[in-house]
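Reviewing the structure listed below.
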Amino acid sequence: MNIYYKKYIAYLFLLPALVLLCIFFFIPFFQTFVISLKDYSSDIYSPTFAGLDNYIMLFKSKEFYTALLNTFLFLLMVVPFLAVFPLIVAIFINQKIRGISVYKVLIYLPVVVSIVVVAISFKWLYAQEGILNYLLQLINIDSIGWLTDTHFAMFSVALVTIYKGIGYYMMIYLSSLIGVPKDLYEATEVDGANEFYKHLTVTIPHLMPTIALVVTISSISALKVFAEIYVMTKGGPLNSTKTIVYYIYERAFENLDLSMASCASVVLLIIILAFSIINITFFENKRYKL
Amino acid sequence: MIKKFFKGFNTHLFLIVMSFLSLFPFLWLTSTALKGINENIFQYPPSFIPQDLTFNNFIDVWNQIPFLIYFANSFIVAVFTVILNLIFSSLAAYPLARMEFKGKKLIFSLILSTIMIPFQAIMLPIYLIVLKLHLVDSYGYVLGYLGLILPFAVNAFGIFLMRQAFLTIPKEMEEAAFIDGCSIFDIWRKILLPVTAPTLAVLAIFTFIGSWGEFLWPSIVLTKKALYTLPVGVNDLQGMFSANWRYIAAGSIISIIPIIIFFIAMQKYFVSGQNEGAIKG
Numbered sequence: 015m016n017i018y019y020k021k022y023i024a025y026l027f028l029l030p031a032l033v034l035l036c037i038f039f040f041i042p043f044f045q046t047f048v049i050s051l052k053d054y055s056s057d058i059y060s061p062t063f064a065g066l067d068n069y070i071m072l073f074k075s076k077e078f079y080t081a082l083l084n085t086f087l088f089l090l091m092v093v094p095f096l097a098v099f100p101l102i103v104a105i106f107i108n109q110k111i112r113g114i115s116v117y118k119v120l121i122y123l124p125v126v127v128s129i130v131v132v133a134i135s136f137k138w139l140y141a142q143e144g145i146l147n148y149l150l151q152l153i154n155i156d157s158i159g160w161l162t163d164t165h166f167a168m169f170s171v172a173l174v175t176i177y178k179g180i181g182y183y184m185m186i187y188l189s190s191l192i193g194v195p196k197d198l199y200e201a202t203e204v205d206g207a208n209e210f211y212k213h214l215t216v217t218i219p220h221l222m223p224t225i226a227l228v229v230t231i232s233s234i235s236a237l238k239v240f241a242e243i244y245v246m247t248k249g250g251p252l253n254s255t256k257t258i259v260y261y262i263y264e265r266a267f268e269n270l271d272l273s274m275a276s277c278a279s280v281v282l283l284i285i286i287l288a289f290s291i292i293n294i295t296f297f298e299n300k301r302y303k304l
Numbered sequence: 033m034i035k036k037f038f039k040g041f042n043t044h045l046f047l048i049v050m051s052f053l054s055l056f057p058f059l060w061l062t063s064t065a066l067k068g069i070n071e072n073i074f075q076y077p078p079s080f081i082p083q084d085l086t087f088n089n090f091i092d093v094w095n096q097i098p099f100l101i102y103f104a105n106s107f108i109v110a111v112f113t114v115i116l117n118l119i120f121s122s123l124a125a126y127p128l129a130r131m132e133f134k135g136k137k138l139i140f141s142l143i144l145s146t147i148m149i150p151f152q153a154i155m156l157p158i159y160l161i162v163l164k165l166h167l168v169d170s171y172g173y174v175l176g177y178l179g180l181i182l183p184f185a186v187n188a189f190g191i192f193l194m195r196q197a198f199l200t201i202p203k204e205m206e207e208a209a210f211i212d213g214c215s216i217f218d219i220w221r222k223i224l225l226p227v228t229a230p231t232l233a234v235l236a237i238f239t240f241i242g243s244w245g246e247f248l249w250p251s252i253v254l255t256k257k258a259l260y261t262l263p264v265g266v267n268d269l270q271g272m273f274s275a276n277w278r279y280i281a282a283g284s285i286i287s288i289i290p291i292i293i294f295f296i297a298m299q300k301y302f303v304s305g306q307n308e309g310a311i312k313g
């Protein structure tokens, strides 16, 4: 038999979630577009319609291009590393040896600690007379302005994101590694292959979908980077760490330039939408199928 | 035998180095926080073990910064965010998993589409809405808390997670209860929720961690220090103690103690390898 559901009951169950999603997702989503088409410069309470003027202004702004470029630079620094290194760690951890759960807990720890504290602790490592510059001095390299030199600042920020992400992506890889059939390894062992060759020919091909998943989700979170920059550099020096989200934040909440902030938000929306569609249609389609 | 020993040795060596690197920023911060004023914290070579060992930095910072209030605020916000997420996600997931109704496809895709909308791109209008609804601390503390909680009170990840969990429950269980005279709401509350308790726990823990660490939104909406959550309060240390790294370090270390205790207590949920899908991407 089938349970008889009254017609309206489904909507009743969905109501609270839909109301909240409406107020905090759909309405703001449409408002972002609306605000981006308005001019607030003469009067913030009664804006005039500006059409695409704001977008033209945005794309003429050098600062925005810098932010866009910085964001992709950041993505290119972070994503390859987060796709590869946590996999290596996961392969090491996916063995039956003593103390494995202690290692897992310690390597995962930075994931649960607030990004603000992680960023502060790195700021301390990066200090001009700090411990990292001391280590450089030991190998006869001049000290680096980790966060004050325009050439290094973005890299220094990226290092924090990488550090905080390793444990997270390691767990994703670990849960896929469990699914690699054992007999495939046995076959290579018969051939006398070494460890490295074994993983190159069995593990990597088997984990390709997971690697692709990690690339897309780490790309999406790289595009949204904010806290690291806010805590460590505030976009500086000389805009060298200003990313799209930081640009939006600055425009919206420090300069009250609602139009520019919204135009930049639309650009961010489109970029992330592209990555999300790839993710949902190719990698996570099972969970999101009706 | 020797070969096997070396294989294990390499693995341990690598993992010990990794664990050390993972802890190092916090250890170095702790070391700095324990150094008294008679020790130069910038000296070369740096000393890891404090020569002028003192707990005064911790005591001073504790006395100057209302950490208990920050803890309490973070706790209130995180707990209510978790409770609302559990209720609303599992409510919404039930019809999506089990019932046939008009507009199901549309509602499903609408919810799915929110996954693709990054909060950062719509935070300005959300802020304007929250202002319009008076959900900010200048209108009162309760309203201030609501402004921190409600924008994160439901999310699509939670709904889909619960829907997946409901799909694995055999329909016969609900049918039997229905024959016994249970209402649909009772079936949800007395059968579906208890059976999916492990999934609810996973959702609760990851929502808690997410809410506890949230920085961007509270730093936008909060104006009163009395409502500061931990991340906002800790970031504020930098301004308050400008270059006094002993205090900044001590305050940062104090602030992470609760979440580290929580993490160690709940470690099986984090590192068991089955929950990767629950974590926000």
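Taken in sequence, the protein lines are chains W and C. So the numbering used here is basically just the index in the first sequence, starting at one, shifted up by 14. So the numbering used here is basically just the index in the second sequence, starting at one, shifted up by 32. By construction, the Cβ of each residue, glycine as well, lies at the ideal position given by its N, Cα and C atoms.
Beta-carbon spacing of residue i, residue j below 8 Å
i	j	result
residue 103/C	residue 262/C	yes
residue 6/W	residue 134/W	The question about residue 6/W has no answer here: the residues shown for chain W are numbered 15 through 304.
residue 228/W	residue 302/W	no
residue 292/W	residue 224/W	no
residue 284/C	residue 131/W	yes
residue 187/W	residue 161/W	no
residue 109/C	residue 211/C	no
residue 68/W	residue 56/W	no
residue 139/C	residue 43/W	no
residue 62/C	residue 138/W	no
residue 156/C	residue 241/W	no
residue 21/W	residue 217/C	no
residue 193/C	residue 235/C	yes
residue 147/C	residue 197/C	no
residue 194/W	residue 216/W	yes
residue 262/W	residue 275/W	yes
residue 87/W	residue 185/W	no
Interface partners of residue i on chain C, CB under 9 Å
i	result
residue 266/W	155, 156, 159 and 252
residue 236/W	Within chain C, no residue comes near residue 236/W; the closest Cβ sits about 11 Å away, beyond 9 Å.
residue 21/W	133 and 134
residue 240/W	152, 247 and 248
Chain W residues whose Cβ lies nearer than 7 Å to that of residue i
i	result
residue 61/C	135 and 138
residue 281/C	138
residue 263/C	128 and 130
residue 245/C	128 and 129
residue 267/C	130 and 245
Under 7 Å by beta carbon: chain C residues contacting residue i
i	result
residue 247/W	Near residue 247/W there are no residues of chain C at all, since even the closest Cβ is about 12 Å away, more than 7 Å.
residue 60/W	Going along chain C, no residue has its Cβ under 7 Å from residue 60/W, so there is no contact; the nearest lies around 15 Å.
Beta-carbon neighbours of residue i, restricted to chain W and to distances below 9 Å
i	result
residue 83/C	Per Cβ cutoff of 9 Å: no residues; residue 83/C is ~16 Å from chain W at best.
Best match in the options for proximity to residue i [C-alpha to C-alpha]
i	options	result
residue 48/W	301/W, 296/W, 290/W and 279/W	279/W
residue 98/W	265/W, 181/W and 207/W	181/W
residue 113/C	144/C, 177/C and 195/C	177/C
residue 81/W	121/W, 254/W and 106/W	254/W
residue 242/C	184/C, 99/C, 171/C and 154/C	184/C
residue 286/C	179/C, 58/C, 232/C and 43/C	58/C
residue 35/W	169/C, 129/C and 143/C	143/C
residue 83/W	247/W, 304/W and 282/W	282/W
residue 280/C	89/C, 80/C, 298/C and 77/C	89/C
residue 211/W	114/W, 199/W and 123/W	199/W
residue 171/C	266/C, 42/C and 254/C	254/C
Residues bridged to residue i [DSSP beta-bridge criterion]
i	result
residue 63/W	52/W
residue 67/C	85/C
Proximal chain C residues relative to residue i, where beta-carbon distance stays under 8 Å
i	result
residue 290/W	147 and 148
residue 257/W	Simply none; closest approach about 10 Å.
residue 28/W	123, 124, 127, 128 and 139
residue 275/W	156
8 Å Cβ cut-off: residues of chain W touching residue i
i	result
residue 76/C	143, 148 and 151
residue 303/C	115, 118, 119, 122 and 185
Residues, ordered as in the chain, of the region 214-233 of chain C that lie near chain W by beta-carbon distance below 9 Å: 216, 217, 219 and 220
Short-range partners of chain W found in the region 88-108 of chain C, where Cβ spacing is below 9 Å: none
Near-chain W residues of the region 108-126 of chain C - C-beta to any C-beta below 8 Å: 119, 120, 121, 123, 124 and 126
Proximal residues, the region 111-129 of chain W versus chain C, C-beta separation under 9 Å: 111, 112, 113, 114, 115, 116, 117, 118, 119, 120, 121, 122, 123, 124, 125, 126, 127, 128 and 129
Interface residues of the region 65-83 of chain W facing chain C [CB-CB below 8 Å]: none
Members of the region 31-53 of chain W that neighbour chain C once the beta carbon cut-off is set at 8 Å: 31, 32, 34, 35, 37, 38, 39, 40, 41, 42, 43, 45, 46 and 49
Chain C contacts from the region 185-215 of chain W (Cβ-Cβ distance under 7 Å): 185, 186, 188, 189 and 192
Interface residues of the region 94-106 of chain W facing chain C [CB-CB below 7 Å]: 103 and 106
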